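J.:
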Amino acid sequence: MSGFVSSSIGKKFFMSITGLFLVMFLLVHLTANLALLLGPDAFNVVSHFMGTNPIIQIVQPLLAIGFAVHIIYASILTLQNQKARGSENYSTVTNSHQSSWASKNMYILGTVIFSFLVLHLINFFWKIKVTGSPLLNEVNVDGEMMENAYALVAGLFTDASLGLAYSIIYVIGAIALGFHLTHGFWSAFQTIGFSNDAWRKRLSVIGYLFAFLVGGGFAIIPIFLMLFA
Ligand code: HEM
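All you need for our numbering is the position in the sequence shown, starting with 1, plus 212.
1. Cα separation between Trp411 and Tyr420?
2. Would you say the beta carbon of Phe424 is closer than 6 Å to some non-hydrogen atom of the ligand HEM?
3. List the whole-angstrom C-beta distance separating Ala423 from Gly390, where the pair is believed to meet the contact cut-off of C-beta under 8 Å.
4. Is it the case that the stretch 390-410 contacts the stretch 222-230, given that we only count it when at least three CB pairs across the two stretches are under 8 Å?
5. Roughly how many whole angstroms lie between the Cα atoms of Asn408 and Phe436?
6. Where does Asn293 sit, in a helix, a strand or coil, going by DSSP?
7. Could you say if the stretch 250-262 and the stretch 356-370 meet the contact criterion of at least three C-beta pairs nearer than 8 Å?
8. Does Asn352 come out as helix, strand or coil in the three-state DSSP assignment?
9. Going by DSSP in three states, Val305 sits in which element: helix, strand or coil?
10. Could you check which residue in Ser311, Val353, Leu368, Ile320 has the C-alpha nearest to that of Phe336?
11. For the ligand HEM, is there a heavy atom less than 6 Å away from the beta-carbon of Val365?
12. Only counting the same chain, and skipping five residues up and downstream in sequence, which positions put a Cβ closer than 7 Å to that of Leu275?
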């Protein structure tokens with residue numbers, strides 16, 4: 213077992229499993245965030261539910277572990293591949309010409325997403341969970357008092373001096389995520405052995421569709437809030 217974990221295919225396997233776990237998180241996170249387009253009450257109710265639901269509280273630390281494993285193994289594999297490139301032969305050179313731009317730049321795209329994520333957690337997660345913010349003052353939604361998470365999120369993108377800059381950064385993060393998923397989605401299924409000749413094409417199409425919806429969905433939110441909130 214320890215041999216498998218330290219082998220290249222073992223590391224790719226754990227990257228794929230954690231990647232698919234992160235894909236599920238993205239679906240839930242995007243669905244919750246799209247409530248921002250419906251207005252303050254809708255988003256505050258969803259945010260209150262996410263902040264108090266016991267299952268979500270258990271999944272959150274697992275999510276952090278998933279991100280850590282995904283990033284650590286991606287870094288190790290990228291370093292190993294760079295070292296191995298010295299002994300690259302003709303067939304690998306030919307293959308690299310056939311692969312997509314995203315597949316050749318997965319680590320760079322991942323680094324952009326990670327940088328975005330650090331800033332993003334400081335913007336929202338840190339304020340909601342640790343420091344608090346005057347914007348989060350409680351509001352009454354249908355008789356129940358809850359934090360005004362909508363004001364915190366909308367406040368970032370409508371800020372008079374930094375709103376436009378943050379909106380651009382969030383759109384860039386969403387686009388990088390979309391490109392990362394165009395390769396990552398089907399590649400993860402391929403690595404765990406789910407894909408055969410027939411499914412490879414189908415998964416690649418589903419992957420592109422998923423990448424477009426997730427990237428586009430996250431990108432629409434800051435643009436919408438900047439213009440209409
Ligand atoms: C317009 C885009 C986005 C908005 C408005 C948004 C909003 C938020 C908010 C309000 C929180 C704090 C939730 C809480 O602690 O109660 C949060 C947390 C988080 N976001 Fe996002 N997010 C966006 C995009 C993304 C993207 C693209 C990723 C991943 C690449 C991501 C990953 C996370 C993670 C890991 C957390 C911490 C875990 C959690 O609280 O669920 N977010 N986001």
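C-beta atoms are modelled at their ideal positions from N, C-alpha and C, and glycine is treated no differently.
Note that the structure is predicted; figures quoted are calculated from it, not measured.
T.: Taking the structure as given:
1. The straight-line gap separating the alpha-carbon atoms of Trp411 and Tyr420 is approximately 14 Å.
2. Every heavy atom of the ligand HEM is 6 Å or more from the Cβ of Phe424, so no.
3. About 5 Å separates the two Cβ atoms, so the contact holds.
4. Contact between the stretch 222-230 and the stretch 390-410 is present, because at least three Cβ pairs lie under 8 Å.
5. If I take the Cα positions, the gap works out to 40 Å.
6. Looking at Asn293 - three-state DSSP - the assignment turns out to be helix.
7. Output reads yes: the stretch 356-370 touches the stretch 250-262.
8. Correct three-state label for Asn352: strand.
9. Bear in mind that the predicted position of Val305 carries a pLDDT of just 44, short of 50, making it too unreliable to give a figure here.
10. Nearest C-alpha to Phe336: Leu368.
11. Because some heavy atom of the ligand HEM lies under 6 Å away, the Cβ of Val365 counts as near it: yes.
12. Phe237.
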